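Visitor: Residue numbers (my numbering): 2 to 138.
Here a beta-carbon is modelled for each residue, glycine too, at the ideal position from N, C-alpha and C.
All figures in this text were calculated on a predicted structure; none of them were measured in a lab.
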Amino acid sequence: PRSPIKGGGYRYFGAAKNLPGVRELFIKAPAVRPKRTRAQITKGLDADYYGYRDDDDGVLAELEVQTEQRLRKEALRRWRQENPEAASGGDADFDGLAAEGGFRAHVSLPSDKEIEKAILQRRKQELLAKYLSSEAE
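#1: Leaving out five residues on either side along the sequence, give the residues of the same chain with a beta carbon under 7 Å from the beta carbon of G97.
#2: In angstroms, rounded to a whole number, what distance separates the CA positions of R37 and A30?
#3: Closer than 7 Å by C-beta to K114: which residues in its own chain qualify, once you throw out the five before and the five after it? Chain order, please.
#4: Please state whether DSSP places N84 in a helix, a strand or coil.
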């Protein structure tokens, strides 16, 4: 008949369990967890973990717009405090954008006619240089 007890069927009762060498038979070794591999660790990670779908619901975009507006106002306020002579130029909405929401250039831009005139002048100079150099040969 097989003994239901491990250790070759030896049974220890009472104080015999505390004898040297017998005590170690009853102590179970702690289970050693196998080390997880890199593949096992990254198996459950998807795009949400890396934050790729954070802005799909639109909440993040709205928060970014609010924060950007607040930071722009704070930066403009600080700039006006640091540069009072430049800030008193009468341009109340200086921020790179016109009051109507379009882009406003802060330098003079040439008109279409001026651009055409400059291109025509350049072409004339190129042609003159081409034909004058061929006649000299």
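Guide: The answer reads as follows:
#1: In this prediction, G97 scores a pLDDT of 49, lower than 50, which makes its location untrustworthy; no coordinate-derived value is stated.
#2: 21 Å
#3: Answer for K114: no residue qualifies.
#4: In this structure, N84 counts as coil in the three-state DSSP scheme.
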